[in-house]
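Trainee: Let me begin by handing over the structure; questions about it come next.
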Amino acid sequence: MRSRSRSSRAREVAFAPFRRRWPQIALGVGCLAVAALASAAYAYLTGPLLALVLGAGKATAALGAVSSLLPAGAAQLGLLGVALLLVAVALVKGLSMLGQALWLDGSAELAGHELRAALHAHVLALPLVEHRERARGEVLARLLDDAERVKEATVSALVASLRDGLSALALLAVALLLAPRLALVALVVLPLVALAVASISRRVRRAAERGQNAVGELSAQLDEALGAIAEIKSARAEPRVARRLDDASEQLSRWRRRRILTRAALPLFNEVLAAAGLGAALLYAGKLVVGGVIAPAALVSFFTAMLMLYKPIKGLGNTVQTVAAGRASLERIAELLSDAAEQQAAPLPPLERRLEARGLRYRYRHGDGAEVLAGVDLTLARGEIVAVSGASGAGKSTLLALLAGLDTPAAGALCWDGEPVTAPAALRGAVGYVPQQPLLLAGSVADNLRLAAPSASDAQLERALHDAGLDIERSRRVGSGASGLSVGQVQRLAIARA
């Protein structure tokens, strides 16, 4: 039941952008329908055009029903009339494809952007404990690779399935109109094609799921290696770490190769079954032509439509596989979305007297069950400097995280000027947090200061830098990873920001 509700939540997030853009999508679908009819018109015109080229009778007789589509007297123009009609069909199809790109593809890409934005916002709103218990590389893999595959399975697959589905229906209608019995003979293989697509799609989904897990594992190991590059070099561990990365990469490659081979089996089935269907229709067509049941021009148009029909049917099969692979990524996204986001809290008033910890208790959610903090009492008076010392693992960092509102205690209370803080998130705007390794953004010094105070004036930024003892220009650029600043400057800039 939990898995089903989780998947429903993921589907709701994935499809919400489409519901907001249904008018544009409807216009795009209309353009797709017109383009599909234009493709069918090409097939329909092939037989009469060939009859005219070969000089089969008068122009009007060769054109048959097509003559009714031409202006009065144009049928007598013969090849020129059909050529003009082909140009008109091409113009209509081209304009329709332009409308599809504008309304459908453009809206679909915006919907994909909104899906990524929703995932980014959700991940940033997760409690700190959720981030601690997930490898950062694994989360990045879900936000980047999995989100892109979900977008392909929803956005791109929608466009492809509509385009190929409408084209297939239009061409099938032409085939049935020209030679219904021949069409039924040629299409008798469709159930076998559907069975092949369903069977192969299940295998593609399993391979995609394992492949995405391998992407997450490789991303996590890369993140760890790059984050600890100094320690790795100090221990001369580059060869050992490289072997670990090679093993993770080989595992990813193995599952991707398996998915490639599985997907490649579908064209094999499609080619053989399509050839069998067309071959059976061709044998039957010989009898119909000899018996005068079907005209040669109609037969040419029929087989043109059937040959053109193969491409959209093949595209639909590929789309089914894309959706199958996307469902595996959707499950991974759903797991991420199943974690509840934090509730926002109103900011606290400025501290006047003290911040207190009363009987704080804390244990890690997936640890051995032992308490990291067991009944801690602490009073921090305004303006007081307090140092907390203890052995490694004694809970110093955990206590700091609780005081800064970054985590929730299992028991006990935090009091602000004697009043219990009901929502730990309320402490974040009032308690500055400067970790041992502060994160600075690539940008200017002012950009980093305004991360905590977006509306701060230039004078306020100058005052914060002065109070932190940092003599540096606001416009100075900070490189990625705080490059260009000394360790002391990084710490002081983090203090000024807090």
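Counted the way our numbering counts, the sequence shown spans residues 1333 to 1830. Ideal Cβ placement from N, Cα and C applies to all residues, glycine included.
1. Could you pull out every residue in the same chain whose Cβ sits closer than 7 angstroms to the Cβ of Tyr1616, ignoring the five residues on either side in sequence?
2. Please classify Glu1470: is it buried, with 16 or more other beta-carbons within 10 angstroms of its beta-carbon, or exposed?
3. State the start and end residues of the unbroken alpha helix (DSSP H) segment that holds Leu1524.
4. Just to check my reading of the structure: Val1766 and Ile1804 have Cβ atoms closer than 8 angstroms, yes? What is that Cβ distance to the nearest angstrom?
5. Leu1705 by DSSP, collapsed to three states: which one?
6. Ala1800 by DSSP, collapsed to three states: which one?
7. Could you name the residues that DSSP lists as bridge partners for Val1776?
8. For the pair the stretch 1618-1633 and the stretch 1666-1684, tell me if three or more CB-CB distances fall below 8 angstroms.
9. Among all the DSSP beta bridges, which residues are the ones paired with Trp1354?
10. At which residue ranges does the stretch 1456-1526 contain complete beta strand (DSSP E) runs of 3 or more residues, listed in the order of the chain?
11. With H, G and I counted as helix, E and B as strand and the rest as coil, what does DSSP make of Arg1714?
12. Quick one: using the 10 Å Cβ neighbour count with 16 as the cut-off for buried, is Gly1611 buried or exposed?
13. Taking the alpha-carbon positions, what's the Leu1490 to Leu1504 distance?
14. Using a Cβ-Cβ cutoff of less than 6 angstroms, which residues in the same chain neighbour Trp1435 once the five nearest sequence positions on both sides are dropped?
15. Among the residues of its own chain, which have a CB less than 6 angstroms from the CB of Gln1653, if the five just before and after it don't count?
16. If we ignore side chains and look at the alpha-carbon of each, how far apart do Leu1550 and Ser1729 end up?
17. For Val1506, collect the residues of the same chain with a Cβ closer than 6 angstroms to its Cβ; drop the 5 residues on either side in sequence, then sort them by chain order.
18. Since Tyr1694 is in the beta strand (DSSP E), which residue starts that stretch and which ends it?
19. Hey, could you find the ends of the beta strand (DSSP E) Leu1746 is sitting in?
20. Measure the Cβ-Cβ separation of Leu1510 and Phe1634 and say whether it is below 8 angstroms.
21. Return the bridge partner residues of Glu1751 from the DSSP annotation.
22. Apart from the five residues just before and just after Leu1797, which ones in its own chain have a Cβ nearer than 7 angstroms to its Cβ?
23. Alpha carbon to alpha carbon, what distance is there between Leu1771 and Ala1788?
24. Express the C-alpha separation of Leu1631 and Leu1364 in angstroms, rounding to a whole number.
25. Just mark Leu1702 as buried or exposed, buried being the case when its beta carbon has 16 or more other beta carbons within 10 Å.
26. Using a Cβ-Cβ cut-off of 8 angstroms, state whether Arg1576 counts as contacting chain B.
27. Secondary structure at Val1361, three-state DSSP: helix, strand or coil?
28. Decide yes or no for the touch test of the stretch 1736-1748 against the stretch 1715-1727: beta carbon pairs closer than 8 angstroms, at least 3 of them.
29. Should the stretch 1661-1674 be regarded as contacting the stretch 1451-1469, the criterion being three or more beta carbon pairs within less than 8 angstroms?
30. Pick out whichever of Lys1425, Asp1555 and Val1819 has its Cα sitting closest to the Cα of Gln1768.
31. Please determine if the stretch 1519-1532 and the stretch 1679-1696 are in contact, where contact requires at least 3 C-beta pairs separated by less than 8 angstroms.
32. Just the C-alpha distance for Arg1353 and Val1366, rounded to the nearest angstrom, thanks.
33. Do you know whose CA, among Thr1486, Pro1752, Ala1762 and Pro1644, lies nearest Ala1736's CA?
34. Less than 8 angstroms between the beta carbons of Leu1554 and Leu1584, yes or no?
Mentor: Answer, in terms of the structure:
1. Leu1514 and Val1517
2. buried
3. Leu1522 to Gly1559
4. With a Cβ gap of about 17 angstroms, Val1766 and Ile1804 do not count as contacting.
5. strand
6. coil
7. The sequence shown places Ser at residue 1776, rather than the Val named in the question. In the DSSP output, where bridge partners are listed per residue, Ser1776 has Arg1809.
8. no
9. DSSP, once it has assigned bridges, lists no residue as partnering Trp1354.
10. none
11. coil
12. exposed
13. 21 angstroms
14. Gln1356, Leu1359 and Gly1360
15. Ser1533, Val1536 and Arg1595
16. 29 angstroms
17. Ala1372, Ala1375, Tyr1376 and Ala1637
18. Arg1686 to Tyr1694
19. Ala1743 to Trp1748
20. yes
21. Trp1748
22. Ile1804 and Ala1828
23. 20 angstroms
24. 27 angstroms
25. Looking at the sequence itself, residue 1702 is Ala, so the reference to Leu does not match. Result: exposed.
26. Among the chains of the structure shown, chain B does not appear; only one protein chain is present.
27. helix
28. no
29. yes
30. Val1819
31. no
32. 20 angstroms
33. Ala1762
34. no
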